[in-house]
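So for the sequence shown, full-length UniProt numbering puts the first residue at 1; every next one is plus one.
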Amino acid sequence: MIKAILVFNNQGKPRLVKFFTRYSEDDQQTIIKEVYHMVSKRDDTVCNFLEGPSRLGEGEHRLIYRHYATLYFIFCVDASESELGILDLIQVFVETLDRCFENVCELDLIFHVDKVHNILQEICMGGMVLETNITEVVTHIEAQGKVEKSESSPTMSIKSTVSSAPNRAISAVKNIQNSSIKLPTPSKIRSLNVKLS
Numbered sequence: 001m002i003k004a005i006l007v008f009n010n011q012g013k014p015r016l017v018k019f020f021t022r023y024s025e026d027d028q029q030t031i032i033k034e035v036y037h038m039v040s041k042r043d044d045t046v047c048n049f050l051e052g053p054s055r056l057g058e059g060e061h062r063l064i065y066r067h068y069a070t071l072y073f074i075f076c077v078d079a080s081e082s083e084l085g086i087l088d089l090i091q092v093f094v095e096t097l098d099r100c101f102e103n104v105c106e107l108d109l110i111f112h113v114d115k116v117h118n119i120l121q122e123i124c125m126g127g128m129v130l131e132t133n134i135t136e137v138v139t140h141i142e143a144q145g146k147v148e149k150s151e152s153s154p155t156m157s158i159k160s161t162v163s164s165a166p167n168r169a170i171s172a173v174k175n176i177q178n179s180s181i182k183l184p185t186p187s188k189i190r191s192l193n194v195k196l197s
């Protein structure tokens, strides 16, 4: 199981922190500092797997990381996860970010934190891997973006939903095809004068 996903810059500033296991705030801060110090001291030519800090909990824990330009992508996992599988998952995450942001950089992680978390949730949720197909993840993120744009004006979307509700309700009842049900006309429903505040 994935315990945490951490992204740091070269100076140790966290740019993305996602814990899938419950830790106190103090423990989280300590884990973040320990993990950064463990990973940042390593040379780029050494293995990308190392033993995790004891604060991650009982049992054997590993840190699996990749260093891209100014960012460290670190996955804290337990012994049940495959190191090479997680290394590939990091690559999938970074490539997905790259496609969504067209050449991702540290500033994208800072200014688009919601989108980054959405991408991460498409790939991994609750410490379990959901999707590794980059195209699928990008398709879902683009669909979310379209929904967000269409809902950019909340009052307009509520008004349009309410105004189209009578027609949808009538057509749903008509689909039942029960002749004993007397349906009101849409004009009578609209005349009820429902006001939105």
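Where is the CB? At the ideal position from N, CA and C, for every residue including glycine.
Query raised in the report: Do you know how far the Cα of D27 is from the Cα of T70?
Result: Counting from 1 along the sequence shown, the entry for residue 70 is found at position 70. Counting from 1 along the sequence shown, the entry for residue 27 is found at position 27. One C-alpha to the other measures close to 26 Å.
Report task. Indicate whether V35 and L6 have their beta-carbon atoms separated by less than 8 Å. Result -> On the sequence shown, position 35 is the one that residue 35 refers to. On the sequence shown, position 6 is the one that residue 6 refers to. It is a contact, given that the beta carbons lie within the stated cut-off.
Requested in this report: Within its chain, find whatever has a CB closer than 8 Å to the CB of V94; leave out the 5 residues flanking it on each side and keep chain order.
Outcome: Along the sequence shown, one-based indexing puts residue 94 at 94. Residues R66, Y68, F73, V104 of the same chain have their beta carbon placed closer than 8 Å to that of V94, with the five preceding and five following residues left out of the count.
Report task. Measure the beta-carbon distance from I123 to L130 and round it to whole angstroms, keeping in mind my assumption that it falls under 8 Å. Result -> Taking the first residue of the sequence shown as position 1, residue 123 is located at position 123. Taking the first residue of the sequence shown as position 1, residue 130 is located at position 130. At roughly 6 Å, the Cβ-Cβ gap stays under 8 Å, so I123 and L130 are in contact.
Query raised in the report: DSSP on M38, reduced to helix/strand/coil?
Result: Walking along the sequence shown from the start, residue 38 turns up at place 38. If DSSP states are grouped into helix, strand and coil, M38 belongs with the helices.
Query raised in the report: Are the beta-carbon atoms belonging to K52 and T21 less than 8 Å from one another?
Result: Within the sequence shown, the letter at position 52 stands for residue 52. Within the sequence shown, the letter at position 21 stands for residue 21. The residue asked about is misnamed: residue 52 is Gly in this sequence, not Lys. Going by C-beta atoms, G52 is not nearer than 8 Å to T21.
Requested in this report: Could you name the residues of the same chain whose beta carbon sits closer than 8 Å to that of I134, not counting the 5 residues immediately before and after it, in chain order?
Outcome: Within the sequence shown, numbered from 1, the residue matching residue 134 stands at position 134. Taken in chain order, the residues that qualify are V92, E95, T96, R99.
Query raised in the report: Which residues share a DSSP beta bridge with D78?
Result: As a first step, residue 78 must be located in the sequence shown, where it is residue number 78. Paired residue(s): H61.
Query - Separation of A4 from K18, as counted between CA atoms - result: Translated into positions along the sequence shown, residue 18 becomes position 18. Translated into positions along the sequence shown, residue 4 becomes position 4. Rounded to whole angstroms, K18 to A4 spans 6 Å at the Cα level.
Report task. Kindly indicate which residue of I32, R55, Y23, A143 has the alpha-carbon position closest to the one of F8. Result -> In the sequence shown, counting from the first residue as 1, residue 8 sits at position 8. For F8, the nearest C-alpha among the options comes from I32.
Report task. Count the other CB atoms, across all protein chains shown, that sit within 10 Å of the CB of V39; report buried if there are 16 or more and exposed otherwise. Result -> The residue labelled residue 39 in the question sits at position 39 within the sequence shown. Classification of V39: buried, given that the 10 Å Cβ count is 16 or more.
**Report entry** Closest Cα partner of F49 within the set V147, L107, V77
**Finding:** Here residue 49 refers to the residue found at position 49 of the sequence shown. Per the Cα distances, V77.
Query raised in the report: Taking just the CA atoms, how far does H61 sit from H45?
Result: Here residue 45 is taken as the residue at index 45 of the sequence shown, counted from 1. Here residue 61 is taken as the residue at index 61 of the sequence shown, counted from 1. At residue 45 the sequence reads Thr, which differs from the His that was named. Distance between the alpha carbons of T45 and H61: 22 Å.
Query raised in the report: Applying the criterion that 16 or more other CB atoms from any shown protein chain within 10 Å of the CB defines a buried residue, is L109 buried or exposed?
Result: One-based indexing of the sequence shown puts residue 109 at position 109. L109 is buried by the Cβ-count criterion.
**Report entry** Selection from I64, G59, R55, H37 that minimises the alpha carbon distance to C47
**Finding:** Within the sequence shown, the letter at position 47 stands for residue 47. Nearest of I64, G59, R55, H37 to C47, Cα basis: I64.
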